[in-house]
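There are 2 protein chains.
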Amino acid sequence: MRYPWWQHRLYKAGYRLTNPRQVVINILKNTDKHLSAEDIYVDSLKINSSIGLTTVYRTLDLFQQIGIVQKFDFGEGKARYELIKNPIKKEHHHHIICVKCKEIVDYTDFLNEELELINKTEKALSEKYQFKILHHTVHFYGMCSKCQAT
Amino acid sequence: MRYPWWQHRLYKAGYRLTNPRQVVINILKNTDKHLSAEDIYVDSLKINSSIGLTTVYRTLDLFQQIGIVQKFDFGEGKARYELIKNPIKKEHHHHIICVKCKEIVDYTDFLNEELELINKTEKALSEKYQFKILHHTVHFYGMCSKCQAT
DNA sequence: ATTGACAATGAAAATCATTATCAATAATAG
DNA sequence: CTATTATTGATAATGATTTTCATTGTCAAT
Ligand SMILES: [Mn+2]
Ligand SMILES: [Mn+2]
Ligand SMILES: [Zn+2]
Ligand SMILES: [Zn+2]
Chain A
1 MRYPWWQHRL
11 YKAGYRLTNP
21 RQVVINILKN
31 TDKHLSAEDI
41 YVDSLKINSS
51 IGLTTVYRTL
61 DLFQQIGIVQ
71 KFDFGEGKAR
81 YELIKNPIKK
91 EHHHHIICVK
101 CKEIVDYTDF
111 LNEELELINK
121 TEKALSEKYQ
131 FKILHHTVHF
141 YGMCSKCQAT
Chain B
1001 MRYPWWQHRL
1011 YKAGYRLTNP
1021 RQVVINILKN
1031 TDKHLSAEDI
1041 YVDSLKINSS
1051 IGLTTVYRTL
1061 DLFQQIGIVQ
1071 KFDFGEGKAR
1081 YELIKNPIKK
1091 EHHHHIICVK
1101 CKEIVDYTDF
1111 LNEELELINK
1121 TEKALSEKYQ
1131 FKILHHTVHF
1141 YGMCSKCQAT
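Same order as they appear, the protein sequences are chains A and B.
Per the working numbering, the first sequence starts with residue 1, numbered consecutively.
Per the working numbering, the second sequence starts with residue 1001, numbered consecutively.
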């Protein structure tokens, strides 16, 4: 593979590789945070000061559609995005969110057990409710240690 | 108990029972749908045509804070609300959402197993990440049978 | 019954995230 | 290099939610 996997996916889907798209990918690649469109936009200006917020939104939307990025909604009134690390062995994880400071923690503990149950549930729900289930989210909301102290 | 539980809760928290608050409660009590603030507002006008959308938002927010109502975000760009049926034996459930038509299904199948695992996970996460976990959401996203046909 | 303190309300304006429009620009096939 | 189209960025528009503020309702104490 001459190109990184996401680049393949872009081309295969008939899209061009442009500077804004590279910039967005790089920002996401270099963080473990869950960035909002605005966050990404601000960072992108440091690299290419002519990128527009609209393009950031469009890019994130495109990336989400072709499976390069995951979009999350943690109930803040704005979306957050995360790069998919490896499309083969999906590095699936779940989230813990601090309701006060909005810190977001990825966790994979117990994931085997969790996923086993989730697969089972998914199958049963598919049958009972006639849904073709595509993905799921598991979010735990609580207070981080810092915020508990307050 | 002379009052319904939610009324107690309102008073205990030092709030008054007003007409808009009753109207909102009644709307939520008489549906199994997941209504948006706007939905509730439209319905409320049929009962009391002088209620303001602002008040509906304020009321829902208050109800959520004192634990009468649950607010959900299914990634539509607007929140949806659901009355908590019984605060004692929490009638907890999880959701399946059609990504196309946005139909939302409550399910409680497998909930015992699910909740058992979730409790276990919750405990482990609490310790490892020092979070005091308050609640959680489990959402399955997919396509309902109607939308698959298209 | 009246009053005062303060909670609650509704209308309107403000804010914030996201989307639509459209003319200008950049990417690639030939 | 040039033509064809995808992509972009500035701007305006939208939709949900929040803020502001003057008015109204509630309730306990006169
Ligand atoms: Mn994550
Ligand atoms: Mn529900
Ligand atoms: Zn926190
Ligand atoms: Zn559907």
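All C-beta atoms in this analysis are idealised placements derived from N, C-alpha and C, irrespective of residue type, glycine included.
Coil, strand or helix - residue i by DSSP
i: residue 1109 of chain B; result: coil
i: residue 1092 of chain B; result: coil
i: residue 22 of chain A; result: helix
i: residue 11 of chain A; result: helix
i: residue 137 of chain A; result: strand
i: residue 128 of chain A; result: helix
i: residue 56 of chain A; result: helix
i: residue 72 of chain A; result: strand
i: residue 3 of chain A; result: coil
i: residue 1103 of chain B; result: coil
i: residue 51 of chain A; result: coil
Exposed unless 16 or more other CB atoms sit within 10 angstroms - verdict on residue i
i: residue 101 of chain A; result: exposed
i: residue 135 of chain A; result: exposed
i: residue 1003 of chain B; result: exposed
i: residue 80 of chain A; result: buried
i: residue 37 of chain A; result: buried
i: residue 1034 of chain B; result: buried
i: residue 1150 of chain B; result: exposed
i: residue 1032 of chain B; result: exposed
i: residue 1137 of chain B; result: buried
Spatial distance of residue i from residue j (CA atoms)
i: residue 1023 of chain B; j: residue 1060 of chain B; result: 11 angstroms
i: residue 27 of chain A; j: residue 84 of chain A; result: 13 angstroms
i: residue 118 of chain A; j: residue 1045 of chain B; result: 42 angstroms
i: residue 11 of chain A; j: residue 66 of chain A; result: 11 angstroms
i: residue 1086 of chain B; j: residue 92 of chain A; result: 34 angstroms
i: residue 1030 of chain B; j: residue 1048 of chain B; result: 16 angstroms
Check: residue i C-beta below 6 angstroms from any heavy atom of ligand 4
i: residue 147 of chain A; result: no
i: residue 1100 of chain B; result: yes
Heavy atom of ligand 2 within 6 angstroms of residue i beta-carbon
i: residue 1073 of chain B; result: no
i: residue 1082 of chain B; result: yes
i: residue 1032 of chain B; result: no
Residue i Cβ short of 6 angstroms to ligand 3 heavy atom set
i: residue 116 of chain A; result: no
i: residue 144 of chain A; result: yes
**Report entry** Segment contact flag, the segment 67-74 of chain A with the segment 108-117 of chain A, C-beta cutoff 8 angstroms, min 3 pairs
**Finding:** no
Is it a yes or a no for the segment 1130-1146 of chain B touching the segment 139-149 of chain A, going by three-plus beta-carbon pairs under 8 angstroms? With a cut-off of 8 angstroms, the segment 139-149 of chain A and the segment 1130-1146 of chain B count as touching, because enough Cβ pairs lie within range.
query = So does the segment 48-65 of chain A actually touch the segment 15-34 of chain A, counting three or more Cβ pairs closer than 8 angstroms?
reply = yes
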